[in-house]
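Participant: Have a look at the structure that comes next, please.
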Amino acid sequence: MTESEQRALPRPVTFSDNRVRDVAPGAPAPAVDWAEVERRGRRTMLAVPALVIGLGASRVLLTGDYAGLHGTAARWLLVGIAVAVLAVPLGAGTIAGLRARQDAAARVQHALRAHVDPGPALRARVDVLARRSLRLRWMGRALPVLPLSVLVQTDWGRPGALPAAGVLVAAYAALAVWHHRQLAAARRWTAGPAGPARTPPPVPCWEPWLGGRRLLALLGAYVLVVVLVTV
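Count along the sequence shown from 1, add 456, and you get the number used in our numbering.
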């Protein structure tokens, strides 16, 4: 083998902050510290309740509405949802089954973002996550519109309206950044999944409705029903 052919061989790479870092040719690929991935995943799960509460509270402060309810009913619904989303990460500390599910989800997410093989038990789950993330790519266009739909309904005379608007915009911006990175990782995984060659997991009958023309048809039918009911 010539020197030029040796240089053309694919080199092992490692990942840091979801970015590819080249390493010296011939160096072994570093092993993933899955225990650290699981610990980081448990900490990350706490961001979900914070995001849900931040979005919900800012909407209630800006408009007085939440999920179709108004006033006191809207606030109580938000409290109930906040308790529900907090129960998952807090309960994972004491309920073994819940913790195992959370740790597996953290492994799957890390495998997708870092493009590493999670092992035979979780490969199919990463394949499915990548496929569904691509089906939901339309969310990238919807996320900038969602805060605007709230801001145009805002009663700017409400106490705390301006800080609440800042929280709302910041939360949706964080969601947009997360979605962009998730979509990029899904495309990279779909182009070349980590691990051995395998047959893609089957597509359930409901999954194509997550995007494309079927989703547009579903949304159109929903708008038509709303119009017929309200007229």
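For glycine and all other residues, C-beta sits at the position ideal for the given N, C-alpha and C.
1. Please state whether DSSP places His526 in a helix, a strand or coil.
2. Would you call Pro576 buried or exposed, if buried means 16 or more other Cβ atoms sit within 10 Å of its Cβ?
3. Is Arg496 closer than 8 Å to His571 when the C-beta atoms are compared?
4. According to DSSP, is Asp489 helix, strand or coil?
5. Sorted by chain position, which residues of the same chain lie with C-beta nearer than 6 Å to Val701's C-beta, five sequence neighbours on each side aside?
6. Excluding the 5 residues flanking Leu592 on each side, which residues of the same chain have their C-beta closer than 7 Å to its C-beta?
7. Starting from Asp521, follow its DSSP beta bridges and name the residues at the other end.
8. Could you give the first and the last residue of the continuous alpha helix (DSSP H) run that contains Trp645?
9. Within this structure, are the beta carbons of Leu590 and Thr646 separated by less than 8 Å?
10. Closest to Tyr522 by CA distance: which of Pro652, Ala640, Tyr678, Val606 is it?
11. In whole angstroms, give me the CA-to-CA distance for Ala530 and Leu517.
12. Could you spell out where the alpha helix (DSSP H) holding His566 opens and where it closes?
Facilitator: Looking at the atomic coordinates:
1. strand
2. exposed
3. no
4. Coil.
5. Outside the displayed range of the chain (457 to 687) lies residue 701, so it cannot be described from this structure.
6. Leu666, Gly667
7. His526
8. 617 to 647
9. Yes, the pair counts as a contact, with Cβ atoms nearer than the cut-off.
10. Val606
11. The C-alpha of Leu517 is placed about 11 Å away from the C-alpha of Ala530.
12. 552 to 570
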